[in-house]
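Visitor:
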Amino acid sequence: MNNQTTDARRDEVLFAFHQQCERPTAEQIIRWTSRYPEFADDIREHAAIQRDWNAMEEGPVLEPSAELLARGRSRALNAIHNAQAAAQAETPPADESSFNVLMAASGATVPQLARDVDIERSVIADVTAGLVRPPLGQRLRQALAQALQTTAAAVDSAHRLACASPRLGHAKASRAPTVVTRSYEETIRASTMPPERQAYWLDED
Amino acid sequence: MSSDEDDPVSPGSDIEGWRRVIAQDALSSLRIEDIVAGLQDIGPNADRRVVNALMMHIADKLTRFLRRRVGYNHPNNGQDIIDRAHAEIIAAVLQPKSADGKGLRESFYGRAKFRLADAFQKELKHARQEASTDAGILDEAPPDDFGPDDGDLNEAVFVEELLSHLPDWRMALALRLDIDGCPIESKKGTHSIAGALGVSSKTAGELLAEAKRLVRLRIGERA
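Next up, the structure:
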């Protein structure tokens, strides 16, 4: 076993020990150290720490200072930044293509795309703005893939990206701009397309 | 949390659902495991306002959880241990493929407790490296800042204060097991303090005797 495997195994055993022995007794400590002699010292030390905590539960509740909370929040922001950087590095470029990128690659605009697909322009505008919740209808996925000369999976990916950062609605004097999303079916039914075209896009024909 | 019908339902990977929960200031009504799972499912690149709100909520909950388990009787009032454990756990929240990342969405506080114990263990090792490990440490004078002086602590807190200043974690464990009624040495060779500590009966007896001596010394100082 290499070091990494040993560490993972140790973590697994100790985590299980904490889960199963909330107040470790001598019997439990002996049973666990006999079962996992390679981690016996770790188990004993963790048992001692756990018993300290059991005793602390009977004492006064300690509250964190504002400074301690602020440091925790700062670390959370760092973790977000690091996770974003890691996700960026992991994601293949093809999966990152937004509707803007796909449309630019095929020379399409929203009105042009709507004409190519033969659907009302507002539907395409809402889909590309991230205002239509997944999943899209099968026919629209396929039609968009064909019009944008890409795959249905790439359309799904662009749709997910759009939904992750939807375009805000217009601000009003009385309240902040809001994001109002609808399901695919609600979007189609709210369009001014005739009933037979709505039925087509909803696979109801 | 029970599975009552009134229990709030997690939005899961529905970003719009999370926006509603945040707007209603209702994150506290959800299980923290569901918040971690939702965050991992929508990913760090989702709507920044949602990701930030969920992470800040988790960070605060975690800080409070850790503070309640780390007394002020550690270097820098225990803040170093809290910072170390917090950094490790909060990073894992956004690492869904890691063992900690998976563990946090299944049992957030269970996993956090385990990682905190690890941080404690590292501090114990560090302290052992710095301190003399021979019997001389047992004769060391108790620290001057021992115990609060408000005089209204209950017995459990008082005993905890005494134990927290023992120079060897094995002494505290031996004393706790002794209070449980566990013998130093079992005739059948099991369920003994010696067996639990992995030491000979002679060493277990010495550790327990020394622990009792130091505790009595403390009590005498406070009397």
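If you read the protein sequences in the order shown, they are chains A and B.
Note that the numbering used here gives residue 190 to position 190 of the first sequence, counting from 1, and the numbers run on in steps of one.
Each number in the numbering used here corresponds to the 1-based position in the second sequence with 1000 added.
The beta-carbon is built from N, C-alpha and C at its ideal position, and this holds for glycine as well.
1. In angstroms with no decimal places, state the Cα-to-Cα distance between VAL180 of chain A and ARG1019 of chain B.
2. For ARG1049 of chain B, which of helix, strand or coil comes out of DSSP?
3. Residues of chain B with CB under 9 Å from GLN50 of chain A, in chain order?
4. For ALA206 of chain A, which option in B:HIS1086, B:ALA1091 and B:SER1010 has the closest C-alpha, if you only look at C-alpha atoms?
5. Residues of chain A with a CB under 8 Å from the CB of TRP1169 of chain B: which are they?
6. Give the single residue among B:PHE1065, B:GLU1161 and B:ALA1209 whose Cα lies nearest to the Cα of ILE1184 of chain B.
7. The stretch 60-71 of chain A: which residues have C-beta closer than 9 Å to a C-beta of chain B, in chain order?
8. In whole angstroms, what is the alpha-carbon distance linking THR25 of chain A and LEU1177 of chain B?
9. Any C-beta of chain A sitting closer than 7 Å to the C-beta of ASN1045 of chain B?
10. For the stretch 1093-1105 of chain B, which residues have a CB atom closer than 9 Å to at least one CB atom of chain A, in sequence order?
11. Measuring alpha carbon to alpha carbon, tell me which residue in B:VAL1093, B:ALA1099 and B:LEU1217 is nearest ILE1058 of chain B.
12. Please classify VAL1009 of chain B: does DSSP put it in a helix, a strand, or coil?
13. Suppose only complete runs of 4+ residues qualify. What are the alpha helix (DSSP H) ranges in the stretch 124-153 of chain A, listed by chain order?
14. With distances taken from CA atoms, which of A:GLU67, A:THR33, A:ASP203 and A:ASP7 is nearest ARG141 of chain A?
15. For the pair the stretch 184-194 of chain A and the stretch 121-134 of chain A, tell me if three or more CB-CB distances fall below 8 Å.
16. ARG160 of chain A: which of A:GLN4, A:LEU113, A:ASN2 and A:SER97 sits nearest, CA to CA?
17. At least one CB of chain B closer than 7 Å to the CB of THR128 of chain A: is that the case?
18. Please report the straight-line C-alpha distance between ASP1168 of chain B and ALA1026 of chain B, rounded to a whole angstrom.
19. I believe ARG23 of chain A touches ARG44 of chain A by the beta-carbon criterion, under 8 Å. Please report the beta-carbon distance rounded to the nearest angstrom.
20. For ALA40 of chain A, which residues of its own chain have a beta-carbon under 7 Å away from its beta-carbon, when the five flanking residues on both sides are left out?
21. Do we get a CB-CB distance below 7 Å when we pair GLY1195 of chain B with the residues of chain A?
22. Taking the alpha carbon of PRO1044 of chain B as the point to measure from, which residue in A:ALA79, A:ALA108 and A:GLN19 has its own alpha carbon closest?
23. Which bits of chain B does HIS159 of chain A rub up against, with CB to CB less than 9 Å?
24. Under 8 Å Cβ-Cβ, which residues of chain A neighbour GLU1016 of chain B?
25. In angstroms with no decimal places, state the Cα-to-Cα distance between ALA199 of chain A and ARG139 of chain A.
26. DSSP state of ARG44 of chain A, grouped into three classes?
27. Should ALA1172 of chain B go down as buried or exposed, given a rule of 16 or more other Cβ atoms within 10 Å for buried?
28. Distance, Cα to Cα, ALA158 of chain A vs ILE188 of chain A?
29. For VAL155 of chain A, I'd like the list of residues in its chain whose CB is within less than 6 Å of its CB, leaving aside the five on either flank, ordered along the chain.
30. Can you list, in chain order, the residues of its chain with a C-beta nearer than 7 Å to that of THR150 of chain A? Leave out the 5 residues immediately preceding and following it.
31. Listing by chain order, which chain B residues have their CB less than 7 Å from the CB of ASP11 of chain A?
32. From the beta carbon of GLN1121 of chain B, is the nearest beta carbon of chain A less than 7 Å away?
33. Using the three-state DSSP reduction, which class does ARG182 of chain A fall into: helix, strand or coil?
Guide: In terms of the structure at hand:
1. By 1-based counting over the first sequence, the position of residue 180 of chain A is 180. By 1-based counting over the second sequence, the position of residue 1019 of chain B is 19. C-alpha separation (whole angstroms): 11 Å.
2. Along the second sequence, one-based indexing puts residue 1049 of chain B at 49. The answer is helix: DSSP assigns ARG1049 of chain B an H, G or I state.
3. Residue mapping note: residue 50 of chain A aligns to position 50 of the first sequence, counting from 1. Those are LYS1113 and ALA1117, listed as they occur along chain B.
4. Limits of chain A in this structure are 1 at one end and 205 at the other, which puts residue 206 of chain A out of reach.
5. The sequence position of residue 1169 of chain B within the second sequence is 169, counting from 1. Simply GLU45, ALA48 and ILE49.
6. Counted from its first residue, the second sequence places residue 1184 of chain B at position 184. Among B:PHE1065, B:GLU1161 and B:ALA1209, the Cα nearest to that of ILE1184 of chain B is on B:ALA1209.
7. PRO60, VAL61, LEU62, GLU63, PRO64, SER65, GLU67, LEU68, LEU69 and ARG71
8. The sequence position of residue 25 of chain A within the first sequence is 25, counting from 1. The sequence position of residue 1177 of chain B within the second sequence is 177, counting from 1. Using only the alpha carbons, I get a separation of about 7 Å.
9. Sequence index remark: in the second sequence, residue 1045 of chain B carries index 45 (1-based). Answer yes: the Cβ-Cβ gap between ASN1045 of chain B and chain A drops below 7 Å somewhere.
10. VAL1093, LEU1094, GLN1095, ALA1099, ASP1100 and GLY1103
11. Start at 1 with the first residue of the second sequence, and residue 1058 of chain B comes out as number 58. Of B:VAL1093, B:ALA1099 and B:LEU1217, the residue nearest in Cα terms is B:VAL1093.
12. Counted from its first residue, the second sequence places residue 1009 of chain B at position 9. Here VAL1009 of chain B sits in coil by DSSP.
13. Unbroken alpha helix (DSSP H) runs of no fewer than 4 residues, entirely contained in the stretch 124-153 of chain A, are found at 138-147, following chain order.
14. Taking the first residue of the first sequence as position 1, residue 141 of chain A is located at position 141. Of the candidates A:GLU67, A:THR33, A:ASP203 and A:ASP7, the one whose C-alpha sits nearest the C-alpha of ARG141 of chain A is A:ASP203.
15. yes
16. Walking along the first sequence from the start, residue 160 of chain A turns up at place 160. Minimum Cα distance to ARG160 of chain A is reached at A:SER97.
17. Along the first sequence, one-based indexing puts residue 128 of chain A at 128. The beta carbon of THR128 of chain A does not come within 7 Å of any beta carbon belonging to chain B, so the residue lies off that interface.
18. To locate residue 1168 of chain B, count along the second sequence from 1; it is residue 168. To locate residue 1026 of chain B, count along the second sequence from 1; it is residue 26. In a straight line, the C-alpha of ASP1168 of chain B is about 45 Å away from that of ALA1026 of chain B.
19. Translated into the one-based positions of the first sequence, residue 23 of chain A becomes position 23. Translated into the one-based positions of the first sequence, residue 44 of chain A becomes position 44. Contact doesn't hold; Cβ gap of about 15 Å is too wide.
20. What you label residue 40 of chain A is simply residue 40 of the first sequence in a count that begins at 1. Excluding five sequence positions before and after ALA40 of chain A, the CB atoms of its chain that fall closer than 7 Å to its own CB belong to THR33, given in chain order.
21. As a first step, residue 1195 of chain B must be located in the second sequence, where it is residue number 195. It does: the Cβ of GLY1195 of chain B has a partner Cβ on chain A nearer than 7 Å.
22. Mapped onto the second sequence, residue 1044 of chain B falls at position 44. Restricting attention to A:ALA79, A:ALA108 and A:GLN19, the CA atom closest to the CA of PRO1044 of chain B is found in A:ALA79.
23. Walking along the first sequence from the start, residue 159 of chain A turns up at place 159. The contacting residues do not exist; HIS159 of chain A stays about 13 Å from chain B at best.
24. Here the question's residue 1016 of chain B lines up with position 16 in the second sequence. Simply ARG133, VAL179 and THR181.
25. Along the first sequence, one-based indexing puts residue 199 of chain A at 199. Along the first sequence, one-based indexing puts residue 139 of chain A at 139. So the two alpha carbons sit approximately 11 Å from each other.
26. One-based indexing of the first sequence puts residue 44 of chain A at position 44. Under the three-state reduction of DSSP, ARG44 of chain A is assigned to helix.
27. For the purposes of this step, residue 1172 of chain B is taken as residue 172 along the second sequence, with counting starting at 1. Buried: at least 16 other Cβ atoms inside 10 Å.
28. As a working mapping, residue 158 of chain A is identified with position 158 in the first sequence. As a working mapping, residue 188 of chain A is identified with position 188 in the first sequence. Distance between the alpha carbons of ALA158 of chain A and ILE188 of chain A is about 19 Å.
29. Counting from 1 along the first sequence, the entry for residue 155 of chain A is found at position 155. Counting only Cβ-Cβ distances below 6 Å, and skipping sequence neighbours, we find ARG141, LEU144 and ALA145.
30. What you label residue 150 of chain A is simply residue 150 of the first sequence in a count that begins at 1. Closer than 7 Å at the Cβ level, and outside the excluded window around THR150 of chain A, lie LEU102.
31. Reading the first sequence from its first residue, position 11 is the one you call residue 11 of chain A. Ordered by position in chain B, the residues that pass the 7 Å Cβ test against ASP11 of chain A are ALA1099.
32. On the second sequence, position 121 is the one that residue 1121 of chain B refers to. The beta carbon of GLN1121 of chain B falls within 7 Å of a beta carbon belonging to chain A, placing the residue at that interface.
33. As a position in the first sequence, residue 182 of chain A is number 182, starting the count at 1. Reduced to three states, the DSSP call for ARG182 of chain A is strand.
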